[in-house]
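No gaps in the numbering here: position 19 of the sequence shown is 285 in my numbering, and each next residue is one more.
Glycine included, each C-beta is placed from N, C-alpha and C at the ideal position.
Step one of this worksheet: look at the structure below.
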Amino acid sequence: MASSMAAAAAAAAASLSPPPLSTERPVALCGQFFPGSPASSRPLRFHSARRGGLSPATRKPRSLPRAAKAVVAVKADPLKVMIAGAPASGKGTQCELIKTKYGLVHISAGDLLRAEIAAGTDNGKRAKEFMEKGQLVPDEIVVNMVKERLLQPDAQEKGWLLDGYPRSYSQAMALETLGIRPDIFILLDVPDELLVERVVGRRLDPVTGKIYHLKYSPPENEEISSRLTQRFDDTEEKVKLRLQTHYQNVESLLSIYDDVIVKIKGDALVDQVFAQVDEQLTSSLDKKTGMVASA
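What follows is the structure, given as structure tokens:
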């Protein structure tokens with residue numbers, strides 16, 4: 267009796283003891299090793315939620331491929347545009363159309379200079395002397411003013427349209443040194459004889475700031491006509507000097523902006539010229555967006 271009870275107790279103890287280490291094999295689960303079943307057992311199997319295993323609410327999702335784990339939306343940098351052309355080539359008109367469609371910050375070096383002249387500052391007086399001779403204003407007068415404007419928050423956020431600057435190799439190099447470079451440089455090309463005609467007939471309304479032309483865009487009435495003024499440098503003699511200077515400096519810019527300069531024929535109707543400009547800007551913007559998407 268006692269021997270049978272001892273045998274039963276020994277059997278019960280044996281059933282509660284863990285199996286020998288040599289009979290286990292580890293099971294890999296999600297990159298970690300856990301104690302497995304006895305070697306003689308069938309390996310563990312994990313069933314998908316579709317086959318009645320873990321419920322969708324408790325089942326851990328499968329890991330996605332590494333490339334698909336994070337998708338970050340990256341916005342392309344805003345468009346940066348330079349536009350140049352001889353006096354009366356239509357820069358002002360095209361800039362208004364570009365600004366309206368693309369929302370760029372329009373920065374005119376000429377307007378910045380004229381503001382200095384109107385205010386009678388030392389820089390303005392010096393600039394006027396050069397402009398009256400049909401010469402370019404020295405770099406030191408305007409370069410810092412333009413740089414600071416380009417670096418203001420609105421221009422950095424919306425993109426910028428730089429009108430009439432740079433006009434020389436040294437001005438362009440000053441921008442390059444700061445890392446300021448356009449995505450596209452639009453160059454308006456108009457025959458000289460048409461440019462002279464446009465300049466000589468141009469008039470300014472000092473009340474509204476609107477530009478008229480005695481032939482192509484005359485004032486609406488006599489009241490406006492009576493107050494129109496002609497800019498001191500809008501004479502045939504001075505515009506020819508400015509044209510000569512313009513061509514010399516465009517040539518000097520080619521070595522810096524040759525890869526982004528696009529020449530547009532500016533002797534057509536305004537809408538036709540803008541159609542060419544718009545096509546080039548759209549292409550440039552698509553290229554920037556495509557480069558970000560493929561990065």
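Taking all protein chains in view, the Cβ of D377 is surrounded by fewer than 16 other Cβ atoms within 10 Å, so the residue is classified as exposed.
In the DSSP assignment, the residues bridged to G351 are L454.
The continuous beta strand (DSSP E) containing I530 extends over residues I527 to K531.
A distance of 8 angstroms or more separates the beta carbons of I450 and S521.
In the structure shown, the three-state DSSP call for S434 is coil. Taking the Cα positions, E502 is about 15 angstroms away from P457. Counting along the chain, L363 sits inside the alpha helix (DSSP H) bounded by residues K357 to Y368. The region 493-513 makes no contact with the region 533-545; the number of CB pairs closer than 8 angstroms stays below 3. With a cutoff of 8 angstroms on beta-carbon distance, G425 and K481 are scored as not near each other. Counting only unbroken stretches of 3 or more residues, the beta strand (DSSP E) elements lying wholly within the region 385-438 are 426-429, in sequence order. Cα atoms of K531 and L454: separation of roughly 6 angstroms, rounded to the nearest angstrom. By a beta-carbon distance limit of 8 angstroms, L470 does not contact V505. Their separation comes to about 15 angstroms.
A direct Cα-to-Cα measurement between L379 and G390 gives close to 7 angstroms. For L370, the closest alpha carbon among the candidates I383, P419 and P485 is that of P419. Residues of the same chain with a CB within less than 8 angstroms of the CB of L402, apart from the 5 flanking positions on each side, are F396, R433, S434, T511 and N515 in chain order.
The shortest CA-to-CA distance from E406 to any of E414, Q437, E423 and E382 is the one to Q437.
Just measuring C-alpha positions, the residue of A384, L444, E463 and I527 sitting nearest D533 is E463. Selection E459, G358, L427 and I349 evaluated against V536 yields G358 as nearest (Cα-Cα).
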